[in-house]
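Single-structure report; data block below.
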Amino acid sequence: MNPADTQIDGIVAPRRTHPLTPLLTGWRVLAGIVAVVSIQNIAQLVEEFSVRRALIALAVLVGVLVLSILVSALSWWRTTYEVDEDGVTLRSGLLTLTRRSAPRDRIDSVSIERPLVPRILGLAKVRVEVAGGSDSHLDIAYVASGDAETLRREILRAAQQAQAPEAGPDSAELHSAGPGTGAPEEAAARSPRSLDVDAVRSFAYDGVTDGEEIATVPTSRLLHSLLRDLGLLIGLAVTIVWAVAVIGADLLFGDEGLSVGALAGLLPALLLAPQMLFRRVESGWGFVARLTERGLRMRRGLLNTRTDAIAPGRIQKIALSQTLLWRGPDWVAARATVAGIGEEIGETNSAGSVLPVGTREELGRTLDCLMTPLGTDDDLAAARALLTSPARSLAGHRAVHPLLWIKRRTQAVVLLPHAIAVRRGIITHSLEIIPRERIQGVFVTQGLLGRALGAADLSIAVAGASVLVEGLPLASIEALASELAVDAACGRRYGEQETWLRPRRGLPQEPAGAVAA
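Just so it is clear: in the sequence shown, position 284 is 283 by numbering that gives the first Met the number 0, and no numbers are missing.
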């Protein structure tokens, strides 16, 4: 069903997700049962295998699958969503009806995720990010891919109306996404071949084709960066050594060659190594970032694709990293902590990865779009100097006690006029930049060892994350805590957000009367 069929004066009426949703949610229960039983009892299952037992197990699995699909179908029937004058509302629940809402004046962004199986079926999940905690989002799963783009624009239009209800003719509105949304005479003047090329390009990049191009990660650079990633190489090497050790020990000391127990011991390594490699590939495959009037819009993914939009005003922290073997080609990875967008631990394919592996020019454009001024003469040069220079050579606060010689050489805290920067690492350089006006709290802790060494730890909290600096002398702790506490008390006042510093590169302005991108 097309959203246009259920619109009343531009408002999407209550409706259900795609009818195939129960199939997509029901099979997960079966997959989970099979995975748990197989991993915990693989040796016993192989030794006691028989055709009769296999048929019984198959019948049980079919019954569980049918039951889970029926339950999912009932849940699907009870689940509806709508976009109205108040925002987005999602009603769900089998026995107890639950109502979740995203007020339109608190909607930060709308992302579209396309996992592998739904993508094959032409479906997508729409995620509405709301200002709040790390779990403040609504998931509308699943809708047709084309309807997902339309629904995304409807939600953004509602959010835009809340942000500027009395906007005049000179105020910029959201422009339409995708090719063929311009004036009719302009579309008519374009050749059919041009329209076909635009359609293919829009399909390949999941509609992320409008706006100024900020960064694009070619496949060759992504694969080359993986070969130069020490962490990934070490993980793969450990996996290979473990596999060789298990097989060698079983062949040397076993009675009947390679046993089922050895295969069970190899299973974690055989599963984790490809998963680790695939996650890294997924995080940067087909990555493209473009600057639109809603912020930085990104697309990424090989089998599971997703599109995200990050508003510059929601950035709480920027983290840059450069491993040892990336220094030759001068590649850098960038992540952003965004208020209201939670990330799972170890998750790489997420909205926070704003540049999986980028050149110096792409890093500069990305920071121009997202990073607030640092207060230096050349902020980009200052950020690069903080990242690439040895930590021990930076002028800032650091550990001084001889017993903390590792932290003294690998960690430095630099207080800038408008931000605080924390630099770590020798093999992999990492730099965390926190705008001082985004700081929510400053906490000082001191354990038994810290009391003996005259050192303490400083924790800097922002929305959705915190940065811990360990082993600083008490004099540095007092100086930093007293100054940053003022930022935490004043800079985070909600009524003063209009006075917060903005990134150097402003958002593009579109003519009034356009539709949400």
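Each residue gets a CB set at the ideal place from its N, CA and C atoms; glycine is no exception.
Which of the three DSSP states, helix, strand or coil, is assigned to residue i?
i    : result
L262 : helix
H396 : strand
Q315 : strand
S352 : strand
G86  : strand
I438 : coil
Q98  : The sequence given here has Arg at residue 98, not Gln. Three-state DSSP puts R98 in a strand.
A338 : coil
V207 : coil
H453 : According to the sequence provided, residue 453 is Gly. The question's His does not apply to it. Here G453 sits in coil by DSSP.
D486 : helix
I111 : strand
T387 : helix
T149 : helix
G327 : coil
I119 : helix
I432 : strand
L415 : coil
G374 : coil
G283 : helix
T427 : coil
S170 : Bear in mind that the predicted position of S170 carries a pLDDT of just 34, short of 50, making it unreliable; the figure below should be weighed with that in mind. The answer is coil: DSSP assigns S170 none of H, G, I, E or B.
T322 : coil
What's the C-alpha gap between residue i and residue j?
i    : j    : result
T95  : V287 : 42 angstroms
L57  : I119 : 26 angstroms
A381 : T387 : 10 angstroms
L122 : V142 : 5 angstroms
V468 : V441 : 11 angstroms
L262 : A268 : 10 angstroms
T215 : W330 : 13 angstroms
I438 : T371 : 13 angstroms
L354 : A332 : 5 angstroms
G230 : E482 : 36 angstroms
P13  : S458 : 45 angstroms
R313 : S352 : 14 angstroms
R52  : H223 : 48 angstroms
F252 : G264 : 15 angstroms
R103 : E128 : 11 angstroms
R503 : K406 : 33 angstroms
R220 : R334 : 18 angstroms
A384 : V280 : 29 angstroms
V443 : T238 : 40 angstroms
F48  : G300 : 39 angstroms
D376 : L366 : 15 angstroms
G520 : A338 : In the structure as shown, the chain starts at 0 and stops at 516, and residue 520 therefore has no counterpart that could be examined.
L225 : L323 : 12 angstroms
I309 : R113 : 18 angstroms
L93  : W75  : 9 angstroms
T20  : H136 : 19 angstroms
What is the residue span of the alpha helix (DSSP H) that residue i lies within?
i    : result
R359 : R359 to L369
R407 : W404 to T409
S224 : T218 to L226
L506 : Per DSSP, L506 belongs to no alpha helix (DSSP H) and is neither H nor E.
L231 : L229 to F252
Do residue j and residue i have their beta-carbon atoms positioned less than 8 angstroms apart in this structure?
i    : j    : result
T336 : A460 : no
G453 : H400 : yes
R340 : L290 : First, the amino acid is wrong: residue 340 is Ile here, not Arg. Their beta carbons are not under 8 angstroms apart, which means I340 does not touch L290 by this criterion.
L29  : V70  : no
S320 : H428 : yes
V421 : V466 : yes
I111 : A157 : no
L415 : G357 : no
H396 : S475 : yes
L155 : R293 : yes
K124 : I139 : yes
A398 : G470 : yes
Y80  : L66  : no
T78  : R15  : yes
R298 : T304 : yes
Hey, could you find the ends of the beta strand (DSSP E) residue i is sitting in?
i    : result
E517 : This structure gives no information on residue 517, because the portion of the chain shown stretches from 0 to 516.
T291 : V287 to T291
P472 : A464 to P472
A310 : From DSSP, A310 is part of no beta strand (DSSP E); its letter is neither H nor E.
L122 : L122 to V129
G446 : G446 -> no beta strand (DSSP E), and no H or E assigned at all.
G294 : G294 to R299
Would you list the residues sitting across from residue i in a DSSP beta bridge?
i    : result
Y80  : R14 and L89
H136 : E128
V461 : A464
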